[in-house]
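I have placed the structure first, in the form of structure tokens, so that the comments after it can refer back to it.
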Amino acid sequence: MPVALLGVSALSLAACNGFDPDFRRYGGGGLSTADAAAQAVQPRPSTDSRGVITYPNYQVAVAQDGDTVAAVATRVGVNADELARFNAVPLGTPLRRGEVLVLPARVAAGPMGTPGVPVTAAPGGGIDVTAIASSAIDRAQTGATSQAQPAAAKPAGAPTGEPIRHRVQRGETAYSIARLYNVNVKAMADWNGLGADLSVREGQYLLIPVAATGTLSEPVTQPGQGSPTPLPPSASTPLPAEKTTPAAAPVAAPASPDLGSERTSASRLGMPVEGKIIRAYQKKKNDGIDIGASAGTAVKAAGDGTVAAITKDTDQVPILVIRHDGNLLTVYANIDGIKVAKGDKVKRGQPIAVVRASDPAFLHFEVRQGLDSTDPVPYLK
765 MPVALLGVSA LSLAACNGFD PDFRRYGGGG LSTADAAAQA VQPRPSTDSR
815 GVITYPNYQV AVAQDGDTVA AVATRVGVNA DELARFNAVP LGTPLRRGEV
865 LVLPARVAAG PMGTPGVPVT AAPGGGIDVT AIASSAIDRA QTGATSQAQP
915 AAAKPAGAPT GEPIRHRVQR GETAYSIARL YNVNVKAMAD WNGLGADLSV
965 REGQYLLIPV AATGTLSEPV TQPGQGSPTP LPPSASTPLP AEKTTPAAAP
1015 VAAPASPDLG SERTSASRLG MPVEGKIIRA YQKKKNDGID IGASAGTAVK
1065 AAGDGTVAAI TKDTDQVPIL VIRHDGNLLT VYANIDGIKV AKGDKVKRGQ
1115 PIAVVRASDP AFLHFEVRQG LDSTDPVPYL K
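So the mapping is simple: the working numbering equals the position in the sequence shown, first residue as 1, plus 764.
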């Protein structure tokens, strides 16, 4: 369901010099995101002859005048129903010139493209826990997946950086998404071919513009705050090295014990909650396991790691993603009472949330190697 945003007049004002499209700075809170709104971005890469842009991990098709979803599908060689379902748009809907559709399956790269990894549509065509979790993982994987791919020579005109794919969730607007990624909302609209009202629809994929390299933005200060202190010359040119003689030799301290190695289980991951598995893993149908547990039961981190993302599904139920060593991710859904924040370091067995009240009450738990889901059970044995 598209979410109506601001009118044409607001977009026109956004193009004027000195106008901050984030209206929060005019309130009493004193919060300003002018830096985010003014951030320079790269132009969207050129397409091949069929209107396809190929990135290392996915491809998008750019609509032309008079295109429908079916017309784009025929031109690029993918199933029209899958393309419509993957982008949450009715099959016969007229598309705007420049509107972007993410391809659900890989197609042969044209002259401007580069090889990459296939992208598969969410099973069943709906927006479910797995699809929302995948969106959260997309955000958590920023930069990580591209580093894992081997470097390859790119032809002239090929994309120089892979933008993040953001899947629009219920209640989000173009402005809230632009603020989330600290990008200019007009640049995001240009990259995705949004209409004059900047409306977005639930389930739609948006490409987040890639920041321009080598650009510097002057810091914006509020009235009465004064100008920022300039950097001293020593910040760019280090002072000469100074050699001093210590008064006494340092005393060698004994090495600290490695408490992390003293684990009670030899399994790579610990059970996030005590209970029986009431729904088993099934690739592309249930990309994790459901563990039955009473509402309010503590949910624990399955291993040491960093909280990579916290988001919500279409019913506003929290989903939490933790990144572990070796590009391993664990996903926790159907939870409440989150006790950690994004970026926090967590230890194996540390309480991170509680099981949400439902009938029956359960924890949905996923293990992913990069972007690919895998059966969690072998990791728990």
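We put the CB at the ideal spot given by N, CA and C, even for glycine.
Within 8 angstroms, strictly: CB atoms of residue i and residue j
i, j, result
"V1131", "I1099", "no"
"R1112", "G1067", "yes"
"R934", "T1078", "yes"
"P1140", "G1069", "no"
"V1071", "K1106", "yes"
"H947", "V805", "The sequence given here places Val at residue 947; His does not occur at that position. In this structure, V805 lies closer than 8 angstroms to V947 by Cβ."
"T838", "G856", "no"
"I1102", "P1124", "no"
"G957", "E863", "yes"
"V871", "Q823", "yes"
"I1084", "A1117", "The question names Ile, yet the displayed sequence has Leu at residue 1084. Yes, the pair counts as a contact, with Cβ atoms nearer than the cut-off."
"T955", "R808", "A small fix is needed here, since residue 955 is Trp in this sequence, not Thr. Yes, these two residues count as a Cβ contact at 8 angstroms."
"R960", "M952", "For the record, residue 960 in the displayed sequence is Ala; it is not Arg. In this structure, M952 does not lie closer than 8 angstroms to A960 by Cβ."
"R861", "D829", "yes"
"V842", "P868", "yes"
CB contact below 8 angstroms: residue i versus chain D
i, result
"L1127", "No chain D appears in the structure shown, which is made up of a single protein chain."
Residue range of the unbroken alpha helix (DSSP H) whose run includes residue i
i, result
"R1032", "That residue, R1032, is in no alpha helix (DSSP H); it is neither H nor E in DSSP."
"T838", "833-840"
"L944", "938-945"
"V1141", "1141-1144"
"V1119", "No alpha helix (DSSP H) holds V1119; the beta strand (DSSP E) holding it covers 1115-1119."
"A951", "949-956"
Residue span of the beta strand (DSSP E) that contains residue i, given as start and end
i, result
"S1058", "Looking at the DSSP string, S1058 is not in any beta strand (DSSP E), and its letter there is neither H nor E."
"A1062", "1062-1064"
"A1130", "Residue identity check: residue 1130 is Glu in the sequence provided, not Ala. 1126-1133 is the span of the beta strand (DSSP E), which, as asked, contains E1130."
"L1092", "1092-1097"
"D1136", "1136-1138"
"I928", "I928 -> no beta strand (DSSP E), and no H or E assigned at all."
"R849", "First-last for R849: 844-850, but that is the alpha helix (DSSP H), not the beta strand (DSSP E)."
"G1069", "1069-1076"
"L971", "969-971"
"A825", "823-826"
"V864", "864-866"
"T818", "816-818"
"V1085", "1082-1088"
"R1112", "Careful: R1112 lies outside any beta strand (DSSP E) and carries neither H nor E."
"I1041", "1041-1043"
Rounded distance between the beta-carbons of residue j and residue i, thought under 8 angstroms
i, j, result
"V964", "L970", "7 angstroms"
"V974", "G925", "4 angstroms"
"Y945", "L1033", "Contact flag wrong, Cβ pair sits at about 30 angstroms."
Residue of the options minimising C-alpha distance to residue i
i, options, result
"S1058", "L1127, A844, T1075", "L1127"
"Q1114", "N843, P809, M1035", "M1035"
"R929", "K950, A827, R860, N821", "N821"
"K1076", "R1087, R860, Y1096", "Y1096"
"A1073", "D1089, D1108, T1138, G1134", "D1108"
"L859", "A869, A827, A844", "A827"
"L1135", "K1007, N1091, A835", "N1091"
"R1043", "D845, V842, K1145, F1129", "F1129"
"R1087", "D1054, Q1080, Q1133", "Q1133"
task: Pair every Cβ in the region 842-860 with every Cβ in the region 805-819, then say whether three or more of these pairs are closer than 8 angstroms.
output: no
query: Does the region 934-945 touch the region 1041-1052, meaning 3 or more C-beta pairs lie closer than 8 angstroms?
result: no
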